[in-house]
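Here's the structure, in structure tokens; my notes come after.
Number of protein chains: 2
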Amino acid sequence: MQKGLLIVVSGASGTGKGTVCKKILSDLPEVAYSISATTRAPRPGEVDGKEYYFLSVEEFKSWIADGKFLEHAEVYGNFYGTPLNKIEERLNRGEDILLEIDVQGALNVKRKCSEGVYIFLLPPSLEELKRRIEGRGTETPESLSRRMKNALAEINVGLEYDYVVVNDSIENAAEKIKAILTAERLKVSRNEDKFNFDGGF
Amino acid sequence: MQKGLLIVVSGASGTGKGTVCKKILSDLPEVAYSISATTRAPRPGEVDGKEYYFLSVEEFKSWIADGKFLEHAEVYGNFYGTPLNKIEERLNRGEDILLEIDVQGALNVKRKCSEGVYIFLLPPSLEELKRRIEGRGTETPESLSRRMKNALAEINVGLEYDYVVVNDSIENAAEKIKAILTAERLKVSRNEDKFNFDGGF
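See below:
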């Protein structure tokens, strides 16, 4: 049986990672979402245990101490982490797992799991990126300016990923990511068993 | 501008390379087909300058002497070759070029053009492969038996390709190859210019 795909979708703050991932999960019910943990405050509509595990700083630190994270990082003064959640075990069972992680966290995962599929989302333009960050209504002028500056720095990190998708529309971006997943499943390196030619593939 | 894709579709004799390639070319008019040359006799319906350049052994040897081939090889006593046809120039202009080559020839091209996309087609089963080779009606019992034996040997070579697609139906195989091409165009290594963030991607 083919091992599941570890799909990591990342991108600078404000590129719409969350929305694109939701669309993929709704289109591909066979893909499981691995929920991240964070100490940041929930945004309107976000539910604990759905978008994130919302933890206090103390809880987060005890998860670190208990070895519960694949990776964790501090971003804009908040902690973010990817819980292990038996990821390796689930991949070996053939389950595809989608992780939505910030730029820094995704590279930490890439160092540990090189066979994952690392997809970097880009906003269609600088103007649109600014509009998206402002549009959240959760930023102060200072945090907005800091986020824009950091977004530009983060975009360069995209060069270390496997694929780059411009998020010009949710539908387009999701279609492209679905093509990437189809192609990845067809890689010879994931299908060596097919060459044991015994009458069927 | 993004360089065009060099798309190489190969597979053991009788896996249906030609039919699948025709479907891709009809679905994707932006992809150009690069015609191979051969000294084998045309099969019913094959046209010189369309499916192949049908050359005499003398003509083929003079093409070799004139440096007109990217690669050439002898298969089942016939010569096959991939004419240069300004491939590199056309790729640099952004043109996608599809090559349908036998297993041996494709690996020769791979050694020269590692950035190409190497796709290996598999038949759905041994039985189906036999049916397809017989179905041509162009084989003697000896050549059929030799082709089957060689097909099994050729299939192992598929491990050196990038992608493997089972040709269970022309439509399925073509859809999968189209997803591969979409994904390949999204590779970071083909899109480094997108990270020169100057207001648009």
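Respectively, the protein sequence lines represent chains E and Z. Letter 19 of the first sequence, counting from 1, is numbered 19 in the working numbering, and no numbers are missing. Position in the second sequence (first residue = 1) + 1000 = the working numbering. Quick reminder that beta carbons are idealized off the backbone N, C-alpha and C, glycines included.
Legend entry - chain E contact residues for V1164(Z), given Cβ-Cβ distances below 7 angstroms: The residue you call residue 1164(Z) lines up with position 164 of the second sequence. Simply L186, V188, N191, K194.
Inset, instruction - Decide if T82(E) is buried, meaning its Cβ has at least 16 other Cβ atoms within 10 Å, or exposed. - result: Taking the first sequence and counting its residues from 1, the one referred to as residue 82(E) is at position 82. Classification for T82(E): buried.
Inset, instruction - Using a threshold of 7 angstroms, state whether the C-beta atoms of K17(E) and G11(E) are closer than that. - result: Counting from 1 along the first sequence, the entry for residue 17(E) is found at position 17. Counting from 1 along the first sequence, the entry for residue 11(E) is found at position 11. Closer than 7 angstroms, so yes.
Legend entry - For K1178(Z), the nearest candidate out of V1188(Z), V1164(Z), S1189(Z) (CA to CA): Looking up residue 1178(Z) in the second sequence gives position 178. Of the listed residues, the one whose Cα sits closest to K1178(Z) is V1164(Z).
Inset, instruction - Please check if any C-beta of chain Z sits within less than 7 angstroms of the C-beta of G16(E). - result: Locating residue 16(E) in the first sequence gives position 16, where the first residue counts as 1. By this cut-off, G16(E) is not an interface position.
Inset, instruction - Pull up the DSSP beta-bridge partners for G1014(Z), would you. - result: For the purposes of this step, residue 1014(Z) is identified with residue 14 of the second sequence, where counting begins at 1. Answer by DSSP bridge pairing: none, since G1014(Z) is not bridged.
Inset, instruction - Please compile the residues from chain E whose C-beta is within a distance smaller than 7 angstroms of the C-beta of A1179(Z). - result: Here residue 1179(Z) corresponds to residue number 179 of the second sequence, with the count starting at 1. Near A1179(Z) (Cβ distances below 7 angstroms), the residues of chain E are A179, T182, A183.
Inset, instruction - For Y1076(Z), count neighbouring Cβ atoms within 10 angstroms of its own Cβ and tell me buried if that reaches 16, exposed if not. - result: Along the second sequence, read from residue 1 onward, the residue named residue 1076(Z) stands at position 76. By the neighbour-count criterion, in which 16 or more other beta carbons inside 10 Å mark a residue as buried, Y1076(Z) falls on the exposed side.
Inset, instruction - Determine the chain Z residues that contact L159(E) at a beta-carbon separation under 8 angstroms, and present them in chain order. - result: Here residue 159(E) refers to the residue found at position 159 when the first sequence is read from its first residue. Think of a sphere of 8 angstroms around the beta carbon of L159(E): the chain Z residues whose beta carbon falls inside it are V1188, E1192, F1195, in chain order.
Inset, instruction - Please work out which residues of its chain come closer than 6 angstroms, Cβ to Cβ, to N214(E), disregarding the five sequence neighbours upstream and downstream, and give them in chain order. - result: What is shown of chain E runs 1 to 201, which leaves residue 214(E) out entirely.
Inset, instruction - Establish whether the CB of K110(E) and some CB of chain Z are separated by less than 7 angstroms. - result: Counted from its first residue, the first sequence places residue 110(E) at position 110. Output row for K110(E): interface = no.
Legend entry - Enclosing alpha helix (DSSP H) for T182(E) [first to last residue]: By one-based count along the first sequence, residue 182(E) stands at place 182. 170-185 is the span of the alpha helix (DSSP H), which, as asked, contains T182(E).
Inset, instruction - Could you round the C-beta distance between N1167(Z) and P1123(Z) to whole angstroms and report it? I think they count as a contact, below 8 angstroms. - result: Counting from 1 along the second sequence, the entry for residue 1167(Z) is found at position 167. Counting from 1 along the second sequence, the entry for residue 1123(Z) is found at position 123. Their Cβ separation, rounded to whole angstroms, is 6 angstroms, which keeps N1167(Z) and P1123(Z) in contact under 8 angstroms.
Inset, instruction - Measuring alpha carbon to alpha carbon, tell me which of D1162(Z), T1182(Z), Y1053(Z) ends up nearest R190(E). - result: Indexing the first sequence from 1 puts residue 190(E) at position 190. For R190(E), the closest C-alpha among the options D1162(Z), T1182(Z), Y1053(Z) is that of D1162(Z).
Inset, instruction - State yes or no: is the beta carbon of K130(E) nearer than 7 angstroms to at least one beta carbon in chain Z? - result: To locate residue 130(E), count along the first sequence from 1; it is residue 130. False, the Cβ-Cβ gap to chain Z never drops below 7 angstroms.
Inset, instruction - With DSSP as the reference, please indicate the residues paired to D1027(Z) in a beta bridge. - result: Position 27 of the second sequence holds residue 1027(Z). Per DSSP, D1027(Z) has no beta bridge partner at all.
Legend entry - Contact check, K50(E) vs I170(E), beta carbons under 7 angstroms: Taking the first sequence and counting its residues from 1, one reaches residue 50(E) at position 50. Taking the first sequence and counting its residues from 1, one reaches residue 170(E) at position 170. Cβ atoms of K50(E) and I170(E): not closer than 7 angstroms.
Inset, instruction - Would you mind telling me which residues of chain E sit closer than 9 angstroms to K1068(Z), beta carbon to beta carbon, in chain order? - result: Counting from 1 along the second sequence, the entry for residue 1068(Z) is found at position 68. Here the premise fails: no neighbours, minimum Cβ distance about 31 angstroms.
Legend entry - CB contact check: K1176(Z) to chain E, cutoff 7 angstroms: Taking the second sequence and counting its residues from 1, one reaches residue 1176(Z) at position 176. For K1176(Z), the nearest beta carbon of chain E is closer than 7 angstroms to its own beta carbon.
Inset, instruction - Have a look at E154(E) and S114(E) and give me their C-alpha separation to the nearest angstrom. - result: Along the first sequence, read from residue 1 onward, the residue named residue 154(E) stands at position 154. Along the first sequence, read from residue 1 onward, the residue named residue 114(E) stands at position 114. When rounded, the distance between both Cα atoms is 20 angstroms.
Inset, instruction - Determine contact between the stretch 56-65 of chain E and the stretch 30-43 of chain E, defined as no fewer than three beta-carbon pairs at a distance below 8 angstroms. - result: Using a Cβ-Cβ distance cut-off of 8 angstroms, the stretch 56-65 of chain E and the stretch 30-43 of chain E are in contact, since at least three pairs of beta carbons, one from each stretch, lie closer than that value.
Inset, instruction - Could you check which residue in I97(E), E74(E), N78(E) has the C-alpha nearest to that of L84(E)? - result: Counted from its first residue, the first sequence places residue 84(E) at position 84. Taking only the C-alpha atoms, the option nearest L84(E) is I97(E).
Inset, instruction - Within the same chain, show all residues whose beta-carbon is closer than 6 angstroms to that of E46(E), passing over the 5 residues directly before and after it, in chain order. - result: Locating residue 46(E) in the first sequence gives position 46, where the first residue counts as 1. Nothing meets the Cβ criterion.
Inset, instruction - Keeping to the same chain, check which residues put their C-beta closer than 7 angstroms to that of E1030(Z); ignore five residues upstream and five downstream. - result: For the purposes of this step, residue 1030(Z) is identified with residue 30 of the second sequence, where counting begins at 1. Excluding residues within five positions, the ones whose Cβ falls inside 7 angstroms are D1096.
Inset, instruction - Using DSSP bridges, identify the partner residues of P1083(Z). - result: In the second sequence, counting from the first residue as 1, residue 1083(Z) sits at position 83. BP columns for P1083(Z) point to F1069(Z).
Legend entry - C-beta atoms of F54(E) and P42(E) nearer than 7 angstroms: Numbered from its first residue, the first sequence carries residue 54(E) at position 54. Numbered from its first residue, the first sequence carries residue 42(E) at position 42. Contact: yes.
Inset, instruction - Taking V1117(Z) and L1028(Z) to be in contact with their CB atoms under 8 angstroms, please state how far apart those CB atoms are, rounded to whole angstroms. - result: Translated into positions along the second sequence, residue 1117(Z) becomes position 117. Translated into positions along the second sequence, residue 1028(Z) becomes position 28. That belief does not hold up - the Cβ atoms of V1117(Z) and L1028(Z) are roughly 13 angstroms apart, past 8 angstroms.
Inset, instruction - For R147(E), collect the residues of the same chain with a Cβ closer than 6 angstroms to its Cβ; drop the 5 residues on either side in sequence, then sort them by chain order. - result: Here residue 147(E) corresponds to residue number 147 of the first sequence, with the count starting at 1. S13, I133, listed in sequence order.
Inset, instruction - For D1102(Z), count neighbouring C-beta atoms within 10 Å of its own C-beta (all shown protein chains included) and say buried if the count is 16 or more, exposed if not. - result: In the second sequence, residue 1102(Z) corresponds to position 102, counting from 1. D1102(Z) should be labelled buried.
Legend entry - T1140(Z) burial status per 10 Å Cβ neighbour count (16 or more: buried): As a working mapping, residue 1140(Z) is identified with position 140 in the second sequence. It counts as exposed.
Legend entry - L202(E) versus E142(E) - alpha carbon distance: Because chain E is modelled from 1 through 201, residue 202(E) falls outside the range shown and cannot be assessed.
Legend entry - CB of G158(E) within 7 angstroms of CB of F1069(Z), strictly: To locate residue 158(E), count along the first sequence from 1; it is residue 158. To locate residue 1069(Z), count along the second sequence from 1; it is residue 69. Against a cut-off of 7 angstroms, the Cβ pair of F1069(Z) and G158(E) comes out as no contact.
Inset, instruction - Please report how far the alpha carbon of R111(E) lies from the alpha carbon of E88(E), in whole angstroms. - result: As a working note, residue 111(E) is residue 111 in the first sequence. As a working note, residue 88(E) is residue 88 in the first sequence. Near 15 angstroms, if we compare the C-alpha coordinates of E88(E) and R111(E).
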